[in-house]
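Chains as they are written, first to last, in this note's numbering: chain A, 904 to 1203; chain B, 25 to 90. For every residue, glycine included, the Cβ atom is placed at its ideal position computed from N, Cα and C.
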């Protein structure tokens, strides 16, 4: 197979683009996709400080790598979920990456902030582990950005993540979730940082290839709680679809963003309050994070 | 030829002298869900793998909390 750009030996075929690339031309393609995402959704300006949420996995470290390469001022944020050896190893990967690139890394422990690590939260709430984990992550990311005066949080969500989330929302017609699904969510309150997903144009196979070719030391093992997660089942279904119809995931997500999403935007804005305890933004009086911490306190 | 699989990490032996895509088909692995690694490089599905070679099929899927 030949590289579409230079005609040299290809290392990766991208069927949805009907193309194959050699290593240098693939890395160029990858960076251009990230640049296009940032430009199209005006995610951040050249001189803005960006908080990059990193997990030690391929996506977030690939994102951090591109932003550093492109000359952005970044700070990493690692949330220690306390998930046994998985968290120990993934934290070490992030610390190693930050040290090797000479960039700052903030580390926040979920156990210290919530009162217990994710495995205990899972038992206390009797909900799927990803539920309490996701809630804690979104809260702590925003709070870290505010505390450090960083206007925007970038996460490593890729095309597959976004297509799987959309698939789940459409499957259950969660019409309140649909308008929130976007590569860039603006700040709608003084205490809410902007949230952006600069990898939304790239599949997870492409981010894995980028991380491999850039020799990024990332954690290949999966989170032990992700096995059996609904999001994984949705990804598997979409991958089977993609196999027989290359471009299906891309068309599903991009078609939604361009044609369908505006139809689900609410006419009236949601009223946002500040949590009576922690002061973070909530639609009620006590935020979901404080409620979770209360629940953990009562049952541990 | 030897094939390294992950999650959990294990090794299987399959007949060599074939293209990567034929090996993937035999193992019932969708090409879009893995990187194919030989030594320190990525290879495409049309590449021939010899009997004495080893390839790693590294899964690219991650998931869990959004």
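In the three-state scheme derived from DSSP, where H, G and I count as helix and E and B as strand, residue 968 (chain A) is classed as helix.
Interface annotation, residue 85 (chain B): in contact with chain A, CB-CB separation under 8 Å. The Cβ-Cβ distance between residue 1195 (chain A) and residue 1047 (chain A) does not fall below 8 Å.
Burial is judged here by how many other beta carbons sit within 10 angstroms of a residue's own beta carbon; residue 967 (chain A) has at least 16 and is buried. Bridge pairing for residue 975 (chain A): absent [DSSP]. Contiguous beta strand (DSSP E) elements confined to the segment 55-90 of chain B occur at 58-62, 78-83, taking only those with 3 or more residues.
For the segment 997-1031 of chain A, the set of positions with a beta-carbon nearer than 8 Å to some beta-carbon of chain B is empty. Taking C-beta separations shorter than 7 Å and ignoring five residues to either side along the sequence, the partners of residue 30 (chain B) in its chain run 82, 83, following chain order. Closer than 8 Å to the CB of residue 1123 (chain A) there is at least one CB belonging to chain B.
Taking each of B:78, B:63, B:55 in turn and checking the Cα distance to residue 1143 (chain A), the smallest one comes out for B:55. Looking at A:1100, A:1055, A:1102, the one whose alpha-carbon comes closest to that of residue 1092 (chain A) is A:1055.
A contact between stretches requires three or more CB pairs, one per stretch, nearer than 8 Å, and the segment 969-988 of chain A meets this requirement with the segment 1007-1016 of chain A. Between residue 992 (chain A) and residue 1008 (chain A), the CB-CB gap reaches or exceeds 8 Å. If you draw a 10 Å sphere on the C-beta of residue 1018 (chain A), you find 16 or more other C-beta atoms in it, and that means buried. Between residue 43 (chain B) and residue 66 (chain B), the CB-CB gap reaches or exceeds 8 Å. Residue 1191 (chain A) sits away from residue 1138 (chain A), with the two beta carbons spaced by 8 Å or more. Distance check between residue 68 (chain B) and each of B:58, B:76, B:75, B:77 places B:58 closest, using alpha-carbon atoms only.
With respect to chain A, the C-beta atom of residue 54 (chain B) has a partner C-beta closer than 8 Å.
Secondary structure within the segment 1020-1087 of chain A: the beta strand (DSSP E) runs of 3 or more consecutive residues, fully enclosed, are 1055-1057 (chain order). When the beta-carbon positions are compared, residue 941 (chain A) and residue 1101 (chain A) come within less than 8 Å of each other. Under the Cβ criterion of 8 Å, residue 915 (chain A) is counted among the residues facing chain B.
A distance below 8 Å separates the beta carbons of residue 926 (chain A) and residue 914 (chain A).
DSSP links residue 922 (chain A) through a beta bridge to A:917. Judged by DSSP secondary structure, residue 26 (chain B) falls outside any alpha helix (DSSP H) and instead within the beta strand (DSSP E) spanning 26-29. A straight line joining the alpha-carbon of residue 963 (chain A) with that of residue 1113 (chain A) spans about 11 Å.
For residue 37 (chain B), same chain residues with a beta-carbon under 8 Å away, outside a window of 5 residues either side, are 25, 26, 27 in chain order. In summary, residue 1002 (chain A) is exposed, with fewer than 16 beta-carbon neighbours lying within 10 Å of its beta-carbon over all protein chains present. At least one CB atom of chain A sits nearer than 8 Å to the CB of residue 57 (chain B). Taken residue by residue, none of the segment 1150-1184 of chain A has a beta-carbon sitting less than 8 Å from a beta-carbon on chain B. Interface with chain B (8 Å Cβ-Cβ cutoff): residue 1107 (chain A) is included. At least 8 Å separates the CB of residue 28 (chain B) from every CB of chain A. In the structure shown, residue 1203 (chain A) adopts coil according to DSSP, grouped into three states.
Taking a C-beta distance under 8 Å as the contact criterion, residue 907 (chain A) and residue 1150 (chain A) do not qualify as a contact pair.
A direct Cα-Cα distance of roughly 34 Å separates residue 989 (chain A) from residue 1177 (chain A). In the three-state reduction of the DSSP assignment, residue 1097 (chain A) falls in the strand class, which pools E and B.
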